[in-house]
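Asker: Sharing a structure with you now.
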Amino acid sequence: MDKNKIKTLRDLVAESAECYGDKTFLKERKGKDVAETSFNELYENSKRINRFLTEKFGGRTVHAALIGATSSAYLEAYFGTSCSGNVIIPLDAQLKEEDLCDHLRRSDSEVIFFDKKFMPVLDSVRRNCPMIKEFVCLQDTDKETCIPQIIRDYEPSDFGDVSPEQLAAILFTSGTTGLSKGVMLLHSNLIDNTMCQDNESSTDDVLLSVLPVHHVYCFTCDILLSLRYGATVCVNDSMMHISQNLKFFKPTLMLVVPMIAETIYKKMKAVYDASPDIPMKTIADNVFGGNLRGLYSGGAYLNPRLAEDYRNLGIPIAQGYGMTECSPRISTAHLDDENLNSIGTIVNGCSVKIVDGEIWAKSPSVMKGYYKNPEATAEALTSDGWLRTGDLGYVDSTNHLYITGRKKNLIILSNGENVSPEELENKFSGLEWLSEVLVYAEDGMITAEAYLNQEFLNENGIDKTAGIFKNHVNDINKTVSTAKAIRRLRLRDVEFDKTTSKKIRREQSVRGQLIS
Amino acid sequence: MLEQIKEMIMNYVDVEAEMITADARFIEDLHFNSYDFMSFLGEVEETFDIIVEEEDVLNIRTVGEAVAYIENLKA
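Sequences listed follow chains A and B, in order. Sequential numbering from 278 applies to the first sequence in this note's numbering. Sequential numbering from 719 applies to the second sequence in this note's numbering.
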């Protein structure tokens, strides 16, 4: 593919069909069968979605939310929407009803493409989001309009003109202000990040896609790069089935978060410890299917020792770094890079400078801003286009980037999920029995530590103080995704240390008593 | 079945066998991470020839609940 011809997602999907035609782009397990979608089918079916939207909305630009797991229908909805100049809003498939409605309203969505597991909440969505005019299920159903029906009933309609500077997607990301922010990515942003490196993959590659596709890391590096290089993407249908799917699809490449690499290594080591006569390399070949030439890790810190352990098995792990606001890649490692402590070299076209210890990045991949949030945009972007990443780090003389800490308070769990402590702390506001609360990560678990309003509790004769705290946390956990659930509780006898401006310090020298 | 499950659990987490009781919680007590746990359930599917539904995963919090879930599907 001539990358100089590709300026928009429309160009990329059209050119992939031109270059790779009937070659298989996507493989999905359906029971004992495997459904395959070619590059041509992806293009043609996306154009059917385009016709559906054009007929429903008279050709005006619409915002369409998309919630579900990786599938041909998901990608057809994604490209059918974005390639015609409409805006796609990929949402976290773990969102609970309340957050889903909030994201739909704040993104001005008029269409929702949804996985059938959201059927039970549609009545609520219809009530709370009256601006949604079209509900489209990703799977076959006779209860709602659905993608398979659109593909059966609508002829493909060529995409209209779309400019590289047009908005392609809005992606919600956790923010330190507590409210998630909608990152606006243009066609030019996503295309720049797809084209910024060369020779990363080929038509011979088979990828097992295991990460959530609403994250731009998975979308750019699994989906868009495979469209560029003509690689085949195999869908991991459930986190429960990674082991089976590795053996079944025998991938050559896989994008992971460190937690996945750690667990697979632990399992291989357990097999080796039980049967030391079998070489680890043989075990690894068996676990990964025998064709794996490397892993790409991102989303969280990768322990260099784990990278070394994998390298000793002949499986290099290349660690990258980025953020949604940068589509996402700022740096990426090469599989043959010996430097395991760095988070890779800065990608082509991206400039990085260190300001007061913080990494700033500037590139054509950097977002337009946060949707309808000029204050947050001004905080993240300088007037001359530098993105303040909030991460602390440095660059060495060989252009390798290193991270030393996080300026922001975001909790980054080892599975790469970002959790804003303020967002959870806000859920404790207005409680008379509570004086102060702090949320942080401890041993990889989200922990809430409280200092109760003892006077209120005494006055009201409440003596089961731990119970009232636990019950409230249980209620909160019902309203948040599994990743954000509070797993550990602490109660303290003294109030938290504060700054001179009376803000609770996030680093406390004394921890409260563990109660759960 | 509890003994078989115990052996499987010890391939994922570094805990003493006596800690793996019916009341032990996978995440809080046995220190499974979310991916360990999903991977473990995948192995349960293969070992016991059952299908674990994604929507049931949140209801399997303790070793005892896992055993009961498997026994229910095998019954």
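Every residue, glycine too, gets a C-beta built ideally from N, C-alpha and C. Computed from a predicted structure; not experimentally measured.
Should Glu732 (chain A) go down as buried or exposed, given a rule of 16 or more other Cβ atoms within 10 Å for buried?
Answerer: Here residue 732 (chain A) corresponds to residue number 455 of the first sequence, with the count starting at 1. So Glu732 (chain A) ends up on the exposed side.
Asker: Return the CA-CA distance between Glu602 (chain A) and Ser440 (chain A), expressed in angstroms with no decimal places.
Answerer: As a first step, residue 602 (chain A) is located in the first sequence; it is residue number 325 there, counting from the start. As a first step, residue 440 (chain A) is located in the first sequence; it is residue number 163 there, counting from the start. Between Glu602 (chain A) and Ser440 (chain A), the C-alpha separation is close to 20 Å.
Asker: With 16 other CB atoms within 10 Å as the buried threshold, where does Asn327 (chain A) fall?
Answerer: For the purposes of this step, residue 327 (chain A) is taken as residue 50 along the first sequence, with counting starting at 1. That one is buried.
Asker: Residues in the region 722-744 of chain B with C-beta within 9 Å of chain A's C-beta atoms, listed in sequence order?
Answerer: Met728, Asn729, Tyr730, Val731, Asp732
Asker: Which value, in whole angstroms, describes the spacing of the CA atoms of Thr454 (chain A) and Ser691 (chain A)?
Answerer: For the purposes of this step, residue 454 (chain A) is identified with residue 177 of the first sequence, where counting begins at 1. For the purposes of this step, residue 691 (chain A) is identified with residue 414 of the first sequence, where counting begins at 1. With a pLDDT of 45 at Thr454 (chain A), under the threshold of 50, the modelled position of this residue cannot be trusted, and the question is left open.
Asker: Between the Cα of Leu612 (chain A) and the Cα atoms of A:Ser619, A:Val624, A:Gly626, A:Pro593, which residue gives the shortest distance?
Answerer: Taking the first residue of the first sequence as 1, we reach residue 612 (chain A) at position 335. For the residues A:Ser619, A:Val624, A:Gly626, A:Pro593, the minimum Cα distance to Leu612 (chain A) belongs to A:Pro593.
Asker: Is the separation between the beta-carbon of Cys495 (chain A) and that of Leu532 (chain A) shorter than 8 Å?
Answerer: Along the first sequence, one-based indexing puts residue 495 (chain A) at 218. Along the first sequence, one-based indexing puts residue 532 (chain A) at 255. Yes, Cβ-Cβ distance for Cys495 (chain A) and Leu532 (chain A) is below 8 Å.
Asker: For Phe766 (chain B), collect the residues of the same chain with a Cβ closer than 7 Å to its Cβ; drop the 5 residues on either side in sequence, then sort them by chain order.
Answerer: Numbered from 1 along the second sequence, position 48 holds the residue referred to as residue 766 (chain B). Excluding positions up to five away in sequence, the list reads Ile788, Lys792.
Asker: When Cβ atoms are compared, which residues of the region 756-780 of chain B fall closer than 9 Å to chain A?
Answerer: Met756, Ser757, Phe758, Leu759, Gly760, Glu761, Val762, Glu763, Glu764, Val770, Glu772, Glu773, Val775, Leu776
Asker: Of all the CB atoms in chain B, is at least one closer than 8 Å to the CB of Ile220 (chain A)?
Answerer: Given a span of 278 to 793 for chain A in the structure shown, any question on residue 220 (chain A) remains unanswerable.
Asker: Mind listing the chain B neighbours of Thr759 (chain A)? Cutoff is C-beta to C-beta under 8 Å, in chain order.
Answerer: Position 482 of the first sequence, counting from 1, holds the residue named residue 759 (chain A). Per Cβ cutoff of 8 Å: Ser752, Leu776.
Asker: Among the candidates A:Thr418, A:Val398, A:Asp554, A:Gly362, whose CA atom is the shortest distance from the CA of Leu462 (chain A)?
Answerer: Mapped onto the first sequence, residue 462 (chain A) falls at position 185. The residue with the shortest Cα to Cα distance from Leu462 (chain A) is A:Gly362.
Asker: Could you give the first and the last residue of the continuous alpha helix (DSSP H) run that contains Met557 (chain A)?
Answerer: Here residue 557 (chain A) refers to the residue found at position 280 when the first sequence is read from its first residue. Note, Met557 (chain A): alpha helix (DSSP H), 557-565.
Asker: By the 10 Å Cβ neighbour count, where 16 or more other Cβ atoms means buried, how is Pro407 (chain A) classified, buried or exposed?
Answerer: Position 130 of the first sequence, counting from 1, holds the residue named residue 407 (chain A). Under this definition Pro407 (chain A) is an exposed residue.
Asker: Given that His518 (chain A) touches chain B, what residues does it touch there, using C-beta distances under 7 Å?
Answerer: Taking the first residue of the first sequence as 1, we reach residue 518 (chain A) at position 241. Result: Gly760.
Asker: In the DSSP assignment, what are the bridge partners of Ile389 (chain A)?
Answerer: For the purposes of this step, residue 389 (chain A) is taken as the residue at position 112 of the first sequence. A:Ala342, A:Phe412.
Asker: Determine, using beta carbons only, whether Ala350 (chain A) comes closer than 8 Å to chain B.
Answerer: Your numbering for residue 350 (chain A) matches position 73 in the first sequence. No, its Cβ sits nowhere closer than 8 Å to a Cβ of chain B.
Asker: Which whole-angstrom value describes the C-beta separation of Val512 (chain A) and Ile500 (chain A), a residue pair presumed to lie in contact below a C-beta threshold of 8 Å?
Answerer: Walking along the first sequence from the start, residue 512 (chain A) turns up at place 235. Walking along the first sequence from the start, residue 500 (chain A) turns up at place 223. Incorrect: roughly 11 Å between the Cβ atoms, too far for contact.
Asker: What are the uninterrupted segments assigned as beta strand (DSSP E) that are 3 or more residues long and contained completely in the region 579-617 of chain A, given in chain order?
Answerer: Scanning the region 579-617 of chain A for uninterrupted beta strand (DSSP E) segments of 3 residues or longer gives 594-596, 606-609, listed from N- to C-terminal end.
Asker: Please state whether DSSP places Ile631 (chain A) in a helix, a strand or coil.
Answerer: To locate residue 631 (chain A), count along the first sequence from 1; it is residue 354. The answer is strand: DSSP assigns Ile631 (chain A) an E or B state.
Asker: Is any beta-carbon of chain A found at less than 8 Å from that of Glu789 (chain B)?
Answerer: As a working note, residue 789 (chain B) is residue 71 in the second sequence. False, the Cβ-Cβ gap to chain A never drops below 8 Å.
Asker: Classify Gly621 (chain A) as buried or exposed, calling it buried when 16 or more other Cβ atoms lie within 10 Å of its own Cβ.
Answerer: Translated into positions along the first sequence, residue 621 (chain A) becomes position 344. Buried, by the Cβ-count rule.
Asker: Give the interface partners of Gln521 (chain A) over in chain B, defined as CB-CB distance under 8 Å, in chain order.
Answerer: Here the question's residue 521 (chain A) lines up with position 244 in the first sequence. In chain order: Gly760, Glu764.
Asker: Check whether the Cβ of Glu746 (chain B) lies closer than 8 Å to any Cβ atom in chain A.
Answerer: Here residue 746 (chain B) refers to the residue found at position 28 when the second sequence is read from its first residue. For Glu746 (chain B), the answer is yes, since a Cβ of chain A falls inside 8 Å of its Cβ.
Asker: Quick one: give me the first and last residue of the alpha helix (DSSP H) that Thr331 (chain A) is part of.
Answerer: Position 54 of the first sequence holds residue 331 (chain A). Residues 316-334.
Asker: Are the CB atoms of Cys473 (chain A) and Cys627 (chain A) within a distance shorter than 8 Å?
Answerer: Residue numbering aside, residue 627 (chain A) sits at position 350 when the first sequence is read from its first letter. Residue numbering aside, residue 473 (chain A) sits at position 196 when the first sequence is read from its first letter. Result yes, Cβ atoms of Cys627 (chain A) and Cys473 (chain A) sit closer than 8 Å.
Asker: Can you name the residues of chain B whose CB is closer than 8 Å to the CB of Ser465 (chain A)?
Answerer: Taking the first residue of the first sequence as position 1, residue 465 (chain A) is located at position 188. Going along chain B, no residue has its Cβ under 8 Å from Ser465 (chain A), so there is no contact; the nearest lies around 35 Å.
Asker: What distance in whole Å lies between the Cβ atoms of Ile781 (chain A) and Leu715 (chain A), which are believed to be in contact at a cut-off of 8 Å?
Answerer: Stepping through the first sequence from its first residue, residue 715 (chain A) is reached at position 438. Stepping through the first sequence from its first residue, residue 781 (chain A) is reached at position 504. Contact holds; Cβ gap of about 6 Å.
Asker: Which residues does DSSP list as the beta-bridge partners of Arg767 (chain A)?
Answerer: Counted from its first residue, the first sequence places residue 767 (chain A) at position 490. DSSP lists A:Glu726, A:Leu791 as partners of Arg767 (chain A).
Asker: Does the contact criterion of 3 or more C-beta pairs under 8 Å hold for the region 554-561 of chain A versus the region 755-774 of chain B?
Answerer: In short, these stretches do not touch, since the Cβ pair count stays below three.
Asker: Just list the residues that DSSP pairs Ser574 (chain A) with in beta bridges.
Answerer: Residue mapping note: residue 574 (chain A) aligns to position 297 of the first sequence, counting from 1. Per DSSP, A:Val533, A:Gln596.
Asker: Report yes or no: do three or more beta-carbon pairs, one from the region 405-425 of chain A and one from the region 352-362 of chain A, lie closer than 8 Å?
Answerer: Between the region 405-425 of chain A and the region 352-362 of chain A, the count of C-beta pairs closer than 8 Å reaches three or more; the two stretches touch.
Asker: 8 Å is my cut-off, CB to CB: does Asn695 (chain A) come that close to chain B?
Answerer: Residue mapping note: residue 695 (chain A) aligns to position 418 of the first sequence, counting from 1. Answer no: the Cβ-Cβ gap between Asn695 (chain A) and chain B never drops below 8 Å.
Asker: Report the partner residues of Arg403 (chain A) according to the DSSP bridge assignment.
Answerer: As a working mapping, residue 403 (chain A) is identified with position 126 in the first sequence. The partner list for Arg403 (chain A) (beta bridge, DSSP) is empty, contrary to what the question assumes.
Asker: If I measure Cβ to Cβ from Ala584 (chain A) and keep anything under 6 Å in the same chain, skipping five residues before and after, which residues do I get?
Answerer: On the first sequence, position 307 is the one that residue 584 (chain A) refers to. Ile594, Leu617, listed in sequence order.
Asker: Let me see if you follow: with CB-CB separation under 8 Å, is Ile594 (chain A) close to chain B or not?
Answerer: Working through the first sequence from its first residue, we reach residue 594 (chain A) at position 317. Answer no: the Cβ-Cβ gap between Ile594 (chain A) and chain B never drops below 8 Å.
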